[in-house]
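Residue numbers (our numbering): 182 to 280. Here a beta-carbon is modelled for each residue, glycine too, at the ideal position from N, C-alpha and C. Single-structure report; data block below.
Encoded structure:
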């Protein structure tokens, strides 16, 4: 069931293809893949601990809108992660001179 849905990059998370991905993800157990805690599906959508569909690999890093790339997450975990993929290391910036 790793159907790749053709969602234009500029379109983002709009339209029927993305809704299909979200519907398929909601069938998974409601456990946040970032923090491992249970997701309360009765919370309102704007609550920080409510359900959202996150990406395993961020779309900005080449991830696609597919069921295989989607996973359930808390809103705060998803928004706190940004486009940082799990396991990605940050690099120290090299300065041109010492300050």
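{"Item": "Do residue 244 and residue 252 have their beta-carbon atoms positioned less than 8 Å apart in this structure?", "Value": "no"}
{"Item": "When you compare the CB positions of residue 230 and residue 257, do they come within less than 8 Å of one another, or not?", "Value": "yes"}
{"Item": "Whole angstroms are fine: how far does the CA of residue 254 sit from the CA of residue 207?", "Value": "10 Å"}
{"Item": "I'd like to check one pair, residue 249 with residue 215: are the Cβ atoms closer than 8 Å?", "Value": "no"}
{"Item": "Can you find a CB in chain C that lies within less than 8 Å of the CB of residue 243?", "Value": "This model lacks chain C altogether, as it is built from one protein chain only."}
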